[in-house]
Structures are given as C-alpha cells and as structure tokens.
Amino acid sequence: MQPSMNVFSLHDHPPSYLSHFPTSSSPFCGNGQNPNPFYSFQTGVNSPQLMSLSNSTSDEAEENHSDMINERKQRRKLSNRESARRSRMRKQRQVDELWSQVMWLRNENHQLLHKLNRVLESHEKAIEENAQLKEETSELKHMISDMTQLQNQSPFSCFRDEDIV
Numbered sequence: 000m001q002p003s004m005n006v007f008s009l010h011d012h013p014p015s016y017l018s019h020f021p022t023s024s025s026p027f028c029g030n031g032q033n034p035n036p037f038y039s040f041q042t043g044v045n046s047p048q049l050m051s052l053s054n055s056t057s058d059e060a061e062e063n064h065s066d067m068i069n070e071r072k073q074r075r076k077l078s079n080r081e082s083a084r085r086s087r088m089r090k091q092r093q094v095d096e097l098w099s100q101v102m103w104l105r106n107e108n109h110q111l112l113h114k115l116n117r118v119l120e121s122h123e124k125a126i127e128e129n130a131q132l133k134e135e136t137s138e139l140k141h142m143i144s145d146m147t148q149l150q151n152q153s154p155f156s157c158f159r160d161e162d163i164v
C-alpha cells in the first residue's frame, strides 16, 4: 500500500482551479454541515487519496487472492509429491514381495525337482529289481518243473521221501 499524499502539501496554496473550494482540512463547517453538497461527492469520487486507497485495496485483494491461490498450488504440489512418494513406496513393496515370492517358489521348485529325481531313481531301481525277481521266479519255476519231471521218470520213483522214514 502506498502512502497517500495530500495534494495541497505540494504547494503552499491550492491551485487556481480549486480556488472556489474551501481550503480547510475538513470539508465540513464547524457545525458538521457541508456548505457545498457537491463537494463531498466530488472529493469522494475524484480524490486521489481515495482512488489510491481504492486501487491499493483492490491490488491488495488481488495480491491476497493470488497468494492464496499460490499457497493452495504449493500445498497441492506438496500433497501430490507425497502421494506419488507413497505410491512409489507401495509399488516397491509389491515388487519386493513378488520378488520374494519368486525366490521362494524357485527354491520350492528346486526342492520338488530334487525329490522327483530321487523318486524316479527309486522307481527305476524298483523296476529293475522287479524284472530281476520275475526272471529268478521264472527260472525257479522252470527248475521245479524239471525236477518234477525227473522225479516222475526216475526208476526209483516208487520210493519217495515219505516212504523212507
């Protein structure tokens, strides 16, 4: 706000075009009445002091308004930055959790593959052993069959182990 200046303070006497107006500091007479009813209207509208007050008040209002808008913008920027920071942190946590889950699943997969390989090896051994046992069973059945035939064909077939006792 600029300091107001009294127009008459620049000169010792008022300019000639203002000579028909009173020069006292107050436009009112001693009784509180204005001797010229247009004086207050003219000075109220055309007074440089009031115009500068009006201009400075509106300038101040505009400045206050722009300050409020700038302050709101700054608060909004700060809020947006904070929100973006929280969003980045949340995203980073999600990525970290997913990476941790990937590592856990890879480890689990490795353990399951190792277990599967052991089971497959045991299965192969069981198949080999089963095949070997079938072969032995077949050989033993064949031997028993041969022994039974020999026993039936032998001249001493009438003597059995049960009779010897």
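In terms of numbering that gives the first Met the number 0, the numbers along the sequence shown are unbroken and rise by one, the last being 164.
Glycine included, every Cβ here is placed at the ideal spot set by N, Cα and C.
In this text the structure is predicted, and so the values were computed from the model without any measurement.
| Query | Result |
| --- | --- |
| Ordered list of alpha helix (DSSP H) runs contained in the segment 114 to 144, each at least 4 residues | none |
| Straight-line Cα distance separating E70 from T56 | 20 Å |
| Contacting residues, own chain, Cβ-Cβ under 6 Å from R117 (five flanking each side not counted) | none |
| Inter-residue spacing [alpha-carbon to alpha-carbon] between S153 and E135 | 27 Å |
| Per-residue DSSP class, three states only, for S165 | It is not possible to answer for residue 165, since the shown part of the chain is limited to 0 through 164. |
| Rounded separation between Q150 and I143 - CA only | 10 Å |
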